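Written below as structure tokens is the structure these notes are about.
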Amino acid sequence: MKKEQILNFLKSKDIWFWIAAAMLMALLAFVLHDCAYALAAVIPTASGRIISGTPLTTEITREYSKELLMNEVDKRITKVRPMSTPIDQLSRYAGARKSGSMIVDYYSVDVKPTKAILAEAYTEPASGSATTAAQKVQITTSNNDIFEVSETILVQGVKGYESDGKTPSKADLVLYISSKEETGELNVYAINGKTIGNITGCVPSIEQGTTLIRMGRAATELDVQTAQFEALPVKDQNYCQIFKMQIEQSTFQKIANKEVEWEFSDSEEAAIYDMRLGMEKTFMFGVKSRIYDSKKKEEVSLTGGIWWQAGKEYTFDPEKELTQEDLIDIAKEAFTGNGGNKRKILIGGSDFIGRINKLDVNKIVSADEDFVKWGIDFSEIRSKFGRLFILYSEVFDECGMSDYGFIFDPEFLSKWSHVPFDRQVLDLKGAGVRNTDAVVLTEASCLTLRYPAAHMRIIPKNA
């Protein structure tokens, strides 16, 4: 009876339909597997191979790392990672501000300038022709707008006079602004002026190009009001960029015995470092823009790097050795003329950091031992202007800028996150796509620098 049932089942049309369908599915799976494998990219590196565009399978593993899938022999493996990413690291330690949009508008305000130069020379009258008009004179500067009535001005390099008006003083000449013309010229008195003829308190000659330094205001006892001071911040803008990384591993790759412990978490860790290294380059040298991807039919936002946001620039001669005097000049430019802090970070390429390492320091500039801050190992250099935390950045070398440097104030570095760093597990098995474990890492963010004058690029001449 059973034999007759089996023969009738084999003679039926249904069994041959299902056999044909199974063979067709097997053929399609083989063809599609070959096509997908053909699109895969295996990138050789000095310390292994990077698989791009396809999940990591046991077949690929055996082809490019023949001894990996074996019995366990050693629990240790060296993971080759790139140099630390100081900009990304520091911005994460400081915390990110939440952005409700991919477009970030931010404001910064600079300090009011304190210096100007004399635009036209002033010549004192001759001894026999001096009148009281020489006590109050009109001058014009390269930037009259920074000066207000009742302020005092230090005339750099021009000596004043003692109380007798005849003896030159060790102190520089100081002027008092009594009024301003509608066209901007300043009417000034000399605080420690010169006696010309029988006229005391005259303003002595001042050459064109002399530096005039704005000092404090001097009010009278009955003054209730003074010239107003307002500061309006300047609006700037940056775009958040969506950074992504995907890691996949087939089920058979996961369960196979390996010569060393190399799990999915290890691949994920390596992917995070690669993602952060790419973000570091973008945060540093990226160009702010928005482009249209015609294939995806979507707009892509690209963030601008902080290199371009710095308001100062210092150049040095790469043909000469860096001296201690050069380092003092760099510190002077970085710490003066702005409202920044007295602790700043200097990062640079291998050639530039090498120049600093060759210096012999003395009492004027001192080098302290290395220390750890924000999870980063720094070297510290102290000067009378401020302290520089120095670090070599691999990103500069990779971008062809090994002889460049960048000084920034970490207090004025802001990170904006539209989508905070997120780890999402994809269920590709349940969706019927692939028999793999998959994770996608995503972050949409950007960096901004407030107070541009507190940050400085360091570039070689003729670069």
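If you read the sequence shown in this note's numbering, its first letter stands for residue 62, the second for the next number, and so on.
No residue lacks a Cβ here, since even glycine has one placed at the ideal position from N, Cα and C.
For clarity, every value in this text was computed on a predicted model and none was experimentally measured.
{"Query": "CA-to-CA distance, Glu-360 to Ser-475, given in whole angstroms", "Result": "25 Å"}
{"Query": "Backbone secondary structure at Gly-415 - three-state DSSP", "Result": "helix"}
{"Query": "CA nearest to the CA of Ser-506, picked from Phe-304, Ala-155, Gly-245, Lys-255", "Result": "Phe-304"}
{"Query": "Burial state of Thr-192 (16 or more Cβ within 10 Å)", "Result": "exposed"}
{"Query": "Contact set for Ala-99: own chain, Cβ-Cβ below 6 Å, skip 5 residues either direction", "Result": "Because the pLDDT at Ala-99 is just 46, under 50, the model does not fix this residue reliably, and the point stays unresolved."}
{"Query": "Neighbourhood of Tyr-353 by C-beta, 8 Å cutoff - its chain only, sequence neighbours within 5 removed", "Result": "Glu-359, Glu-360, Val-361"}
{"Query": "Buried versus exposed, by CB contacts within 10 Å (16 or more), Asp-378", "Result": "exposed"}
{"Query": "C-alpha gap between Lys-342 and Gly-401, whole angstroms", "Result": "25 Å"}
{"Query": "Whole-angstrom distance between Arg-337 and Thr-175, CA atom to CA atom", "Result": "41 Å"}
{"Query": "Beta strand (DSSP E) segment containing Glu-382, residue limits", "Result": "No beta strand (DSSP E) holds Glu-382; DSSP gives it neither H nor E."}
{"Query": "CB of Trp-368 within 8 Å of CB of Met-345, strictly", "Result": "yes"}
{"Query": "C-beta atoms of Val-198 and Ile-214 nearer than 8 Å", "Result": "no"}
{"Query": "Residue range of the unbroken alpha helix (DSSP H) whose run includes Pro-147", "Result": "147–155"}
{"Query": "Integer Cβ distance of Cys-301 from Thr-364, believed to fall under 8 Å", "Result": "6 Å"}
{"Query": "Chain-order list of residues whose beta-carbon lies under 6 Å from that of Arg-416 (same chain, five-residue window excluded)", "Result": "Leu-383"}
{"Query": "Whether Gly-226 touches Thr-256 by CB criterion (8 Å)", "Result": "yes"}
{"Query": "Start-to-end residues for the alpha helix (DSSP H) that takes in Phe-208", "Result": "Neither: Phe-208 is in no alpha helix (DSSP H) and is coded neither H nor E."}
{"Query": "Boundaries of the alpha helix (DSSP H) in which Val-501 is found, first to last residue", "Result": "Taken as a continuous stretch (DSSP letters only), Val-501 belongs to no alpha helix (DSSP H), being part of the beta strand (DSSP E) at 497–510."}
{"Query": "Distance between Arg-153 and Val-500 (C-alpha atoms, nearest Å)", "Result": "22 Å"}
{"Query": "Distance CB(Thr-281)-CB(Leu-247) smaller than 8 Å", "Result": "no"}
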